[in-house]
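S.K.:
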Amino acid sequence: MSEHVATIEWSRDGQVFSDNQYGRAHDWRFDGGAVVRGSSAPSSVPAPMSDPAAVDPEEALVAAVSSCHMLFFLAYARKDGFIVDRYRDGASGLLGRDERGRMSITAVTLRPEAAFSGETRPDAAALADLHHRAHEACYIANSIRAAVTVEPR
120 MSEHVATIEW SRDGQVFSDN QYGRAHDWRF DGGAVVRGSS APSSVPAPMS DPAAVDPEEA
180 LVAAVSSCHM LFFLAYARKD GFIVDRYRDG ASGLLGRDER GRMSITAVTL RPEAAFSGET
240 RPDAAALADL HHRAHEACYI ANSIRAAVTV EPR
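Taking this note's numbering, the leading residue of the sequence shown gets 120, the next gets one more, and so forth.
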């Protein structure tokens with residue numbers, strides 16, 4: 120078992136809060152030192168209250184699923200003796216009402232493309248198997264309906 124942490128920081132910075140016109144931009148800080156600018160999605164809260172250049176939580180979820188799939192794909196490809204030169208995924212997620220009537224990411228579609236080199240390259244069946252194993256192993260995809268615990272500080 121392992122624990123993964125992120126620190127999310129937002130500050131009102133003197134903006135009026137009660138009029139609902141406050142900025143939603145904030146920072147995601149990770150233990151390795153990376154800082155990512157986050158914000159609500161402009162489709163949820165229009166600019167300038169949202170920062171269109173920042174990563175919104177919906178995009179982050181889609182990226183996490185895609186990244187997890189890719190990392191397992193690369194590991195399985197290496198174990199199977201294939202050399203992957205490039206990998207690109209034009210992933211997308213759909214936000215809508217789920218079967219409970221709640222707003223939810225209802226579908227994530229991964230559209231991965233991999234380029235290989237070397238003497239041994241996967242045929243269509245081997246490529247499909249690599250993606251199948253990566254999908255089965257991806258714990259982010261396996262966790263999308265996981266319980267969320269809120270621990271106010």
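Beta carbons: idealized from backbone N, C-alpha and C, even for Gly.
1. At the level of alpha carbons, what is the spacing between Ser262 and Ser137?
2. Taking Arg197 as part of the alpha helix (DSSP H), name the residues at either end of that continuous run.
3. Suppose contacts are defined by Cβ-Cβ distances below 8 Å. Is Gly209 in contact with Thr225 by that definition?
4. Is the Cβ-Cβ distance between Asp199 and Phe235 less than 8 Å?
5. Considering only DSSP beta bridges, list what Glu232 is partnered with.
6. Would you say Thr126 and Arg143 are within 8 Å of each other, going by their C-beta atoms?
7. Quick check: the segment 250 to 264 against the segment 179 to 195, are there 3 or more CB pairs under 8 Å?
8. Return helix, strand or coil for Asp334, following the three-state DSSP convention.
M.R.: Taking the coordinates as given:
1. 36 Å
2. Pro176 to Lys198
3. Not in contact: Gly209 and Thr225 (Cβ atoms no closer than 8 Å).
4. No, these two residues do not count as a Cβ contact at 8 Å.
5. According to DSSP, Glu232 bridges with Arg207.
6. Between Thr126 and Arg143, the C-beta spacing is not below 8 Å.
7. yes
8. Nothing can be reported for residue 334: it is not among the residues displayed for the chain, which extend from 120 to 272.
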